[in-house]
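**Student:** The working numbering applies: residue 11 is where the sequence shown begins, and numbers increase by one. In this text, a Cβ means the ideal position worked out from N, Cα and C, and glycines have one as well. None of these values were measured; they are calculated from a predicted model.
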Amino acid sequence: MRTPDTSGWTVIVPVKPAAVGKSRLIDVGTDREALARAIALDTITAAAAADRVTRVIVVTDDAGVRAELRRVRSVDVVPEGDTRGLDAAIALGADAAGLGVPRAALLGDVPALRPADLDAALALAASVERGLVPDAEGTGSTFITARAGAVWVSAFGEDSAARHRLLGCTDLAVERGSTLHRDVDTAAQLSEAVALGVGRHTSAVLASAAA
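Structure, rendered in structure tokens:
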């Protein structure tokens, strides 16, 4: 694993094994496992392409994701191992990043993410101790940040936006139409992401299903 670069942000992306991820997408007419993996890969690729991101740490045991990421510069993979739960997986990545760098956690299901939208959020995050971007529905969270030196805490899951605020996260004033808001758990949310413009991995899986 490379020596941390303290000049930019480290973004941690937790990814469940595709075999168990995105169970609510089983009826979208495609290979759910391939789709779950593609969504994660598009999210990670977009994060790695952001100008303000120096390093991406992916916490996963998914062999397919690990194999694909060998080709992506600035991405390190941390095995999830016996860790259970989203916050525990993210904490593994935060520990690997180290306390001396600004860190962020990005959920691995934002397939329409544009690097510029992530950069805009990180620019805003530089002025707060802890930052938050809620999901498009306003109740969950897709992204949280912590300044260098801050102890890492997170509370992802149902109604996580409110819980992250209780942990001291400030809502970042990203644009309402930012692609960072649109995570994908359901077929309707996937359709919204497709309308925004998903990455090449997700596009390929959906195109294959439509053929």
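1) Determine the contact status of Ala60 and Pro125, defining contact as a CB-CB distance below 8 Å.
2) Given that a residue counts as buried once 16 or more other Cβ atoms are within 10 Å of its Cβ, and exposed if not, what is Pro121?
3) Could you give the distance in angstroms between the alpha-carbon of Leu96 and the alpha-carbon of Pro24?
4) For the region 142-153 and the region 82-94, state whether three or more C-beta atom pairs, one from each stretch, are separated by less than 8 Å.
5) Is it right to say Gly167 is buried, meaning 16 or more other beta carbons lie within 10 angstroms of its own, or is it exposed?
6) Please report how far the alpha carbon of Glu78 lies from the alpha carbon of Ala214, in whole angstroms.
7) Nearest to Ala130 by CA position, among Ala44, Val194 and Thr189, is which residue?
8) Which value, in whole angstroms, describes the spacing of the CA atoms of Trp143 and Thr64?
9) Identify whether Ile49 lies in helix, strand or coil by the three-state DSSP scheme.
10) Enumerate in chain order the residues of its own chain whose CB-to-CB distance from Leu182 is below 7 Å, with the five nearest sequence positions on each side excluded.
11) Between the alpha carbons of Ala107 and Arg42, how many angstroms are there, rounded?
12) Residues in the same chain with beta-carbon distance under 8 Å from Leu177, minus the five sequence neighbours each way, listed in chain order, please.
13) Kindly indicate which three-state DSSP category Asp71 falls into: helix, strand or coil?
14) Secondary structure at Leu109, three-state DSSP: helix, strand or coil?
15) Of all the options Arg113, Val161 and Asp72, which has the alpha carbon lying nearest to the alpha carbon of Ala57?
16) Counting only the same chain and skipping the five closest in sequence on each side, list residues whose C-beta sits under 6 Å from that of Pro27.
17) Please determine, among Ala146, Gln199, Val138 and Arg80, the residue with the shortest C-alpha to C-alpha distance to Ala171.
18) So, are the CB atoms of Val69 and Val85 less than 8 Å apart?
**Tutor:** Checking against the coordinates, here is how it stands:
1) The Cβ atoms of Ala60 and Pro125 lie closer than 8 Å to each other.
2) Within 10 angstroms of the beta-carbon of Pro121 lie 16 or more other beta-carbons, which makes it buried.
3) Cα to Cα, Leu96 sits roughly 7 Å from Pro24.
4) No: the two stretches stay apart, fewer than three of their Cβ pairs being nearer than 8 Å.
5) It counts as exposed.
6) Each residue's Cα considered, the two are about 15 Å apart.
7) Of Ala44, Val194 and Thr189, the residue nearest in Cα terms is Thr189.
8) In the sequence as presented, Trp is not what sits at residue 143; that position holds Val. If you take the alpha carbons of Val143 and Thr64, they lie about 20 Å apart.
9) Ile49 falls in the helix class under three-state DSSP.
10) A distance below 7 Å between beta-carbons, with the five flanking residues on each side excluded, links Leu182 to the following residues of its chain, in chain order: Ala131, Leu134, Ala135, Gly141, Leu142 and Val143.
11) So the alpha carbons of these two residues sit roughly 31 Å apart.
12) Cβ within range, chain order: Arg140, Val163, Ser164 and Ala165.
13) When secondary structure is reduced to three states using DSSP, Asp71 falls in the coil class, being assigned neither helix nor strand.
14) Reduced to three states, the DSSP call for Leu109 is coil.
15) Of all alpha-carbon atoms in Arg113, Val161 and Asp72, the one lying nearest the alpha-carbon of Ala57 is that of Arg113.
16) Result list for Pro27: Asp71 and Asp72, in chain order.
17) Ala171 has its Cα closest to that of Ala146, out of Ala146, Gln199, Val138 and Arg80.
18) The Cβ atoms of Val69 and Val85 lie no closer than 8 Å to each other.
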